[in-house]
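Q:
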């Protein structure tokens, strides 16, 4: 099973410091979204929405099915 890594970053902005990037397996660059969020939970929710796997529950394991391959989603906070 392959892993999709979502990196959460805390920036210097006062009101909306959180942003994320999605690193799919493979040689391509990470997808960086130019949106900012006020909390890390909201940034996680936005990343899952971008992948299309948000079901209203933030706890537990998230997985994604693309064709015959299945991917596990992991979060990393910087």
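Numbering (the numbering used here), first residue to last: 2 to 79.
Heads up, the beta-carbon is just placed ideally off N, CA and C, and yes, glycines get one too.
Helix, strand or coil: how does DSSP classify residue 69 here?
A: It is coil, neither helix nor strand.
Q: Please report the Cβ distance between residue 41 and residue 32, rounded to the nearest whole angstrom; I am assuming they are in contact, meaning their Cβ atoms lie under 8 Å.
A: Not really, about 18 Å apart at Cβ, beyond 8 Å.
Q: Spatial neighbours of residue 49 within its chain, please: CB distance less than 6 Å, with the 5 preceding and 5 following residues excluded, ordered by chain position.
A: Cβ within range, chain order: 55.
Q: What residues match up with residue 63 in a beta bridge as DSSP calls it?
A: Residue 63 is bridged to 74.
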